[in-house]
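Residue numbers (this note's numbering): 852 to 971.
Cβ atoms here follow ideal geometry from the backbone N, Cα and C, with glycine treated the same way.
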């Protein structure tokens, strides 16, 4: 193999994760964050947060573990903000993940017409 092949083969691909899981982000992301799966596998995560839903997810039946009850929009928003603050405060240089809140459906309400050429 040539130098270029070795260089190419050793480069890890960039991994991007989009999340829009209708309230389950309150369970999914902490699990990915605190098990280390996010930091070791995902470079960039973005998605929609649903504080309007809150989250009422019962614990797992067999183990009794898990479960989350956020009963109001302010409670859900605070939980999310605190979760991101905790994640961003990690001191490990091993965590390469950047997380952003992004509503991927906001274009529906922006008042901008779609380009007629795209609609064909």
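query: If you check the beta carbons only, do residue 948 and residue 908 fall under 8 Å apart?
result: Contact flag unset, no.
message: Excluding the 5 residues flanking residue 900 on each side, which residues of the same chain have their C-beta closer than 7 Å to its C-beta?
response: Closer than 7 Å at the Cβ level, and outside the excluded window around residue 900, lie 876, 931, 952.
field: Rounded distance between the beta-carbons of residue 896 and residue 868, thought under 8 Å
entry: With a Cβ gap of about 4 Å, residue 868 and residue 896 count as contacting.
task: Would you mind working out which of 865, 864, 890, 862 sits nearest residue 938, comparing C-alpha positions?
output: It is 890.
message: Does residue 907 come out as helix, strand or coil in the three-state DSSP assignment?
response: Strand.
field: Where residue 888 falls, given that 16 or more other Cβ within 10 Å makes a residue buried
entry: Burial is judged here by how many other beta carbons sit within 10 angstroms of a residue's own beta carbon; residue 888 has fewer than 16 and is exposed.
field: Per-residue DSSP class, three states only, for residue 869
entry: strand
- prompt: When DSSP labels each residue in this structure, what does residue 880 get in the three-state scheme?
  reply: helix
message: Starting from residue 924, trace the alpha helix (DSSP H) in both directions and tell me its first and last residue.
response: 924 to 939
- request: Could you please give me the residues that DSSP links to residue 919 through a beta bridge?
  value: 908
task: Decide if residue 918 is buried, meaning its Cβ has at least 16 other Cβ atoms within 10 Å, or exposed.
output: exposed
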